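In the UniProt record's numbering, the protein residues as written are 1 to 186.
Here is the structure:
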């Protein structure tokens with residue numbers, strides 16, 4: 001008897017769960033229907049939007065092609081290798097011309113320097129080396145002389161001058177202003 005009660009209880013519970021499921025089915029069906037309708041509407045919207053974008057693209061492409069000439073490359077397209085070659089060839093020719101011009105200027109300047117050096121050497125001898133003499137006299141006087149001997153054809157000259165301030169020889173001794181010029185001719 002326990003089995004029959006258990007069977008009756010299980011039969012009741014099966015019927016209740018079946019009724020619950022049957023009540024839920026229309027709800028689930030309506031929700032699924034709403035979901036499918038929503039999907040259809042979204043798909044229709046996306047297709048319409050895609051068509052509008054395609055039409056806009058065709059319009060802009062057509063407009064872009066009508067404004068550009070056949071010989072002028074598009075701003076968006078890459079340059080052909082012929083255009084690049086021509087541009088580089090022109091730049092190379094300009095650089096070669098500049099280089100040749102600068103080379104000629106350097107050669108001209110070097111020629112001027114050679115001519116000036118020759119002219120200066122013909123008209124004047126480069127002075128000989130100078131010598132420096134420093135001493136202190138018995139009277140405690142500083143003598144700091146710079147001497148130079150210069151000789152030309154037929155004459156010689158000796159120049160002696162007192163250096164008043166010399167960073168290489170610092171002292172506080174009294175000095176005189178000495179200048180001597182000696183000229184000897186043939």
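All residues carry an ideal CB built from backbone N, CA and C; glycine is no exception.
Note that the structure is predicted; figures quoted are calculated from it, not measured.
Residue environment, residue i, which counts as buried when at least 16 other CB atoms sit within 10 Å
i	result
residue 144	buried
Other residues of its chain near residue i: CB distance less than 7 Å, five sequence neighbours each side excluded
i	result
residue 29	none
residue 136	142, 173
residue 23	none
residue 111	none
residue 130	146, 147, 148
residue 171	142
Beta-carbon proximity of residue i to residue j, cut-off 8 Å
i	j	result
residue 155	residue 183	yes
Rounded distance between the beta-carbons of residue j and residue i, thought under 8 Å
i	j	result
residue 176	residue 161	That pair is no contact at about 12 Å.
Bridge partners - residue i, DSSP secondary structure assignment
i	result
residue 157	150, 183
residue 134	144
residue 51	Residue 51 pairs with nothing; no bridge assigned.
residue 162	145
Own chain, CB closer than 6 Å to residue i, minus 5 neighbours either side, in chain order
i	result
residue 132	146
residue 17	none
residue 31	none
residue 134	144, 169
residue 14	none
C-beta neighbour in chain C for residue i, strict 8 Å
i	result
residue 23	Here there is only one protein chain, and chain C is not present.
Chain-order list of residues whose beta-carbon lies under 8 Å from that of residue i (same chain, five-residue window excluded)
i	result
residue 71	Note on residue 71: pLDDT 49, under 50, position unreliable in the model; no value is reported.
residue 140	173, 174
residue 47	none
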